[in-house]
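Quick notes on the structure that follows.
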Amino acid sequence: MWSCGSIMGSDSTIREWLESTRNNGMALGLNTTQSILDELDVNLKKTTIIHVAGSNGKGTLCSLLSASLTLNGESNIMFSSPHLCRLEERIRLDGKPVSAEEFDSSLQSVKSAAKNLATVPTFFETTFLSAMVYCDKIKPRFLILETGLGGRLDATRCSPADICVLTSITTEHTNVLGSDIYQIITEKAAIARPGKPIIVRHMEIKSFEETVNYCAESCAIELLDEPKGAAICEFVKIPEDVTALDEAELLANAVFELLTIDTAVISKAKNRLNWPARMQIVEHHSGHRLILDAAHNPSGLARVKSQLIYLAKQHNSADKLCLLFGTSPQEELDKMLSLVREICQNFSFVEICFTKPTGGRYSPIEPEYLASFDWLDFGVTIYPDYQDALATILGNEPADVGNILSIGSLYLQGNILNYLGKNSDDDLSLMPKQSN
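Pasting the structure below:
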């Protein structure tokens, strides 16, 4: 069972209560969250709120927005999920994870409110509500909210918002959001708020803009006492073959233009951004070079495939690749594994290591099953324990291993960062300290 990441300074009792909320599973719906928000009497009228949804790229956009605002001297809180190494990552103040004490204090407020109402929130609802409590205490200039799943029934939809953003949308979580792409678009576009702008990444999908516009025309949710009215759609066309970070920059520019903030700071923040487990390069003291990326579905991996190959080719005269892969169940696993194989085909010497990440909502796919795919003539090794995999790989000479590329699961990257000790506040901050 995944621990919620209690660290020195945290209150074990309140963390145990948070851990118990996992037993409530996942619940898409707004009633519980809204009732607890009302009980907490959160007031964010002086905070500008930016709400982001999408299939891929929403976390990258949120992190770039936060880093840009921080660099511009604007106080901001970012709520995101899931976390890599520590629970406190879910609430960042000016890009830095909040302290365990601050997180626990907010958790306690949520627990008390839930007890007063005799209601039981889910784990995600609890962490989101904790972010709202902390925001109410700090009163930052900006709050950035990353949607958990979908949009219409996600807990984050209970928050007011001044600007909404839709990143790229693909077919995903069909058991929850619907099997039809238009159902998924409708679910995510429902983050639109009456009378407020929603910036939308244009998708080359038939009737895409018509579908979003239709949702925007009647986006008010009665339960939230929202006034009737239409959201204001602004579509942003993204050139083909741009990186995920470049795409985030274009969307961030559109947000800053609405906020009348100079967009020049975004490119500066982009160059300094530290978004852990997203194209992250770790130079290990043993001489090994690791590349960690959270791509965990076919559309996401396809988007970053060429960049990953480029990074894995650098400082690699022997053209060797050690690919570490583990993943949770997904609907298009064959497509995902085909993309992994395509990455491997770009290297002269390849060793594929299959393992099991820990910490996910669902049990990981067994490495033996992953190894049964057609891996051509590549070497394949199975490690039921990711720690054994890392100990073995890092125990070999760097020249014999080549560059190490880890993909398939955000949780696996978090496992690796914890194993390597790359989990300090500075390691996890969006704007790490600059060396002199």
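Take the sequence shown: its position 215, counted from the start at 1, is 198 in this note's numbering, and no numbers get skipped. Glycine residues also receive a C-beta, built at the ideal position from the N, C-alpha and C atoms.
- Item | PHE239 (DSSP reduced to helix, strand or coil) | Position 256 of the sequence shown holds residue 239. DSSP places PHE239 in the helix class (H, G or I) of the three-state scheme.
- Spatial neighbours of LYS303 in its chain, beta-carbon cut-off 6 Å, leaving aside the 5 residues before and after: Looking up residue 303 in the sequence shown gives position 320. A distance below 6 Å between beta-carbons, with the five flanking residues on each side excluded, links LYS303 to the following residues of its chain, in chain order: PHE332 and GLY385.
- Item | For GLY362, the three-state DSSP class (helix, strand or coil) | Residue mapping note: residue 362 aligns to position 379 of the sequence shown, counting from 1. Collapsing the DSSP output to three states places GLY362 in a strand.
- Message: Would THR110 and THR15 qualify as a contact pair, given that the criterion is a beta-carbon distance under 7 Å?
- Response: Taking the sequence shown and counting its residues from 1, the one referred to as residue 110 is at position 127. Taking the sequence shown and counting its residues from 1, the one referred to as residue 15 is at position 32. Their beta carbons are not under 7 Å apart, which means THR110 does not touch THR15 by this criterion.
- Write down every uninterrupted run of the alpha helix (DSSP H) in the stretch 64 to 140 whose length is 4 residues or greater and which is fully enclosed by it, in chain order. For the stretch 64 to 140, whole alpha helix (DSSP H) runs of length 4 or above, ordered along the chain, are 83 to 100 and 106 to 121.
- Continuous alpha helix (DSSP H) stretch holding VAL287: start and end: Walking along the sequence shown from the start, residue 287 turns up at place 304. For VAL287, the enclosing alpha helix (DSSP H) stretches over residues 281 to 296.
- Query: Three-state secondary structure (DSSP) at ASN406?
  - Reply: Working through the sequence shown from its first residue, we reach residue 406 at position 423. The DSSP-derived three-state label of ASN406 is coil.
- Query: Between which two residues does the beta strand (DSSP E) containing SER49 stretch?
  - Reply: As a position in the sequence shown, residue 49 is number 66, starting the count at 1. Annotation: SER49 is outside any beta strand (DSSP E); the continuous alpha helix (DSSP H) that includes it extends over 41 to 54.
- Message: According to DSSP, is VAL25 part of a helix, a strand, or is it coil?
- Response: Taking the sequence shown and counting its residues from 1, one reaches residue 25 at position 42. For VAL25, the secondary structure class from DSSP, reduced to helix, strand or coil, is coil.
- Task: Could you have a look at PHE308 and say whether DSSP puts it in helix, strand or coil?
- Result: As a working note, residue 308 is residue 325 in the sequence shown. Correct three-state label for PHE308: strand.
- PHE330 - DSSP class collapsed to helix/strand/coil: Looking up residue 330 in the sequence shown gives position 347. Reduced to three states, the DSSP call for PHE330 is coil.
- Message: Rounded to the nearest angstrom, what separates GLN313 and THR338 at their Cα positions?
- Response: Working through the sequence shown from its first residue, we reach residue 313 at position 330. Working through the sequence shown from its first residue, we reach residue 338 at position 355. When only Cα atoms are considered, GLN313 and THR338 end up about 16 Å apart.
- To the nearest angstrom, how far is it from the Cα of TYR394 to the Cα of ASP119? Sequence index remark: in the sequence shown, residue 394 carries index 411 (1-based). Sequence index remark: in the sequence shown, residue 119 carries index 136 (1-based). Answer to the nearest angstrom: the Cα atoms are 30 Å apart.
- Message: Quick check: ALA36 and GLY131, are their CB atoms within less than 7 Å of each other?
- Response: Residue 36 sits at position 53 when you count from the first residue of the sequence shown. Residue 131 sits at position 148 when you count from the first residue of the sequence shown. Against a cut-off of 7 Å, the Cβ pair of GLY131 and ALA36 comes out as no contact.
- Message: Per DSSP, what are the beta-bridge partners of GLU232 in this structure?
- Response: For this step, residue 232 is matched to residue 249 along the sequence shown. Beta-bridge analysis with DSSP links GLU232 to no other residue.
- So what does DSSP say about ILE(-10), is it helix, strand or coil? Residue mapping note: residue -10 aligns to position 7 of the sequence shown, counting from 1. Because ILE(-10) sits at a pLDDT of 48, beneath the cut-off of 50, its placement in the model cannot be relied upon, and the following sentence gives the value as read from the coordinates. Residue state, collapsed to three classes: coil.
- Query: Residue range of the alpha helix (DSSP H) that VAL225 falls in?
  - Reply: As a working note, residue 225 is residue 242 in the sequence shown. Counting along the chain, no alpha helix (DSSP H) covers VAL225, and no H or E run does either.
- Backbone CA spacing between GLY42 and SER63 [nearest angstrom]: Here residue 42 refers to the residue found at position 59 when the sequence shown is read from its first residue. Here residue 63 refers to the residue found at position 80 when the sequence shown is read from its first residue. Rounded to the nearest whole angstrom, the C-alpha separation of GLY42 and SER63 is 7 Å.
- Please work out which residues of its chain come closer than 7 Å, Cβ to Cβ, to TRP0, disregarding the five sequence neighbours upstream and downstream, and give them in chain order. Numbered from its first residue, the sequence shown carries residue 0 at position 17. Correct list, in chain order: LYS94.
- Task: For THR(-4), collect the residues of the same chain with a Cβ closer than 8 Å to its Cβ; drop the 5 residues on either side in sequence, then sort them by chain order.
- Result: Against the sequence shown, residue -4 aligns to sequence position 13. Apart from the 5 residues on each side of it in sequence, THR(-4) has no Cβ closer than 8 Å to any other Cβ in its chain.
- Item | Boundaries (first-last residue) of the beta strand (DSSP E) holding ASN386 | Position 403 of the sequence shown, counting from 1, holds the residue named residue 386. In this chain, the beta strand (DSSP E) harbouring ASN386 covers 386 to 390.
- Task: With distances taken Cα to Cα, identify the nearest neighbour of GLY309 among PRO104, THR364 and TYR293.
- Result: Taking the first residue of the sequence shown as position 1, residue 309 is located at position 326. That would be THR364, whose Cα lies nearest to the Cα of GLY309.
- With DSSP collapsed to three states, give me the class of ASN379. Taking the sequence shown and counting its residues from 1, the one referred to as residue 379 is at position 396. Of the three classes helix, strand and coil, the one that applies to ASN379 here is coil, per DSSP.
- Within the stretch 142 to 205, ranges of the beta strand (DSSP E) (whole runs, at least 3 residues): Runs of the beta strand (DSSP E) inside the stretch 142 to 205: 146 to 149 and 180 to 184.
- Query: When burial is assigned at 16 or more other CB atoms within 10 Å of the CB, is LEU359 buried or exposed?
  - Reply: The sequence position of residue 359 within the sequence shown is 376, counting from 1. Classification for LEU359: exposed.
- Message: Assuming contact is defined by CB atoms lying nearer than 7 Å, are ILE141 and LEU27 in contact in what I supplied?
- Response: Translated into positions along the sequence shown, residue 141 becomes position 158. Translated into positions along the sequence shown, residue 27 becomes position 44. Residue identity check: residue 141 is Cys in the sequence provided, not Ile. Going by C-beta atoms, CYS141 is not nearer than 7 Å to LEU27.
- Query: Residues bridged to LEU275 by DSSP?
  - Reply: The residue given as residue 275 occupies position 292 in the sequence shown. Note: LEU275 is bridge-paired with GLN263 and SER389 in the DSSP secondary-structure output.
- Message: Please identify the residue among GLU187, SER38 and LYS251 whose C-alpha is closest to the C-alpha of LEU413.
- Response: The residue given as residue 413 occupies position 430 in the sequence shown. Out of GLU187, SER38 and LYS251, LYS251 has the C-alpha closest to the C-alpha of LEU413.
- Item | Euclidean distance between Cα positions of GLY343 and ASN398 | Start at 1 with the first residue of the sequence shown, and residue 343 comes out as number 360. Start at 1 with the first residue of the sequence shown, and residue 398 comes out as number 415. For GLY343 and ASN398, the distance between alpha carbons rounds to 11 Å.
- Query: Under 7 Å, do LEU44 and LEU234 count as touching if we go by C-beta distance?
  - Reply: Indexing the sequence shown from 1 puts residue 44 at position 61. Indexing the sequence shown from 1 puts residue 234 at position 251. Yes. Within cutoff.
- Would you call the stretch 44 to 63 and the stretch 236 to 249 touching, i.e. three or more CB-CB distances under 8 Å? Touching, yes.
- Label SER113 either buried or exposed according to how many other C-beta atoms from any shown protein chain fall within 10 Å of its C-beta, with 16 as the threshold for buried. As a first step, residue 113 is located in the sequence shown; it is residue number 130 there, counting from the start. SER113 should be labelled buried.
- Give the straight-line distance between the Cα atoms of LEU377 and LEU128, rounded to the nearest whole angstrom. By 1-based counting over the sequence shown, the position of residue 377 is 394. By 1-based counting over the sequence shown, the position of residue 128 is 145. The straight-line gap separating the alpha-carbon atoms of LEU377 and LEU128 is approximately 37 Å.
- Task: Identify, in the order they occur along the chain, each residue of the same chain with its Cβ nearer than 6 Å to the Cβ of LEU100, setting aside the five sequence neighbours on each side.
- Result: For the purposes of this step, residue 100 is taken as the residue at position 117 of the sequence shown. Same-chain partners within the cutoff: SER18 and GLU22.
- Message: Here's a check: name, in chain order, each residue in its chain whose Cβ is nearer than 6 Å to the Cβ of ARG75, leaving out the five neighbours to either side.
- Response: As a first step, residue 75 must be located in the sequence shown, where it is residue number 92. Taken in chain order, the residues that qualify are MET61.
- Item | Proximity to ALA203 [Cα-Cα], best of LEU47, TYR197 and GLY212 | Translated into positions along the sequence shown, residue 203 becomes position 220. Ranking the options by Cα distance to ALA203, first place goes to GLY212.
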